[in-house]
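So that you can map any letter, position 40 of the sequence shown is 47 in our numbering, and since no number is skipped, the others follow by simple counting. All C-beta atoms, glycine included, are put in the ideal place defined by N, C-alpha and C. Okay, structure first, notes after.
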Amino acid sequence: MLRIIAIQTLLFVAPFIVTAVYLYFTGQGFNQPETWRPKVAWLVGAGFACTLAGFLVLAVFGGSSPQGTYKPAEFRDGVLVPGTIE
Numbered sequence: 008m009l010r011i012i013a014i015q016t017l018l019f020v021a022p023f024i025v026t027a028v029y030l031y032f033t034g035q036g037f038n039q040p041e042t043w044r045p046k047v048a049w050l051v052g053a054g055f056a057c058t059l060a061g062f063l064v065l066a067v068f069g070g071s072s073p074q075g076t077y078k079p080a081e082f083r084d085g086v087l088v089p090g091t092i093e
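This is the structure we're talking about:
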């Protein structure tokens, strides 16, 4: 779960990082408010779009097969055997 949160946070922050690097290398000054204010709404929208795309990719390609039967976890000889999908 922590991995998913970290990936989604990185996807949201990625447009801000790319814009900061672009402003730094073009010499426009990435720490000046007048260069960021017009872009903030677009960056937030781009961050949400990247996050949504990440969730969709994880939903489509992540996880296990939808077919199969779930076998719940059980104790065998005093040892917990995790559940599986067969």
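Taken atom to atom, the span from the alpha-carbon of valine 25 to that of threonine 91 is near 41 Å.
Under DSSP, tyrosine 77 forms a beta bridge with Ile92. Listed as beta-bridge partners of phenylalanine 82 by DSSP are Leu87. Judged by DSSP secondary structure, glutamine 15 falls within the alpha helix (DSSP H) whose first and last residues are 9 to 32.
C-alpha of threonine 33 to C-alpha of leucine 18: approximately 23 Å in a straight line. Under the three-state reduction of DSSP, glycine 70 is assigned to coil, being neither helix nor strand. The residue among Gly69, Thr76, Glu81 and Thr58 with its C-alpha nearest the C-alpha of isoleucine 12 is Thr58.
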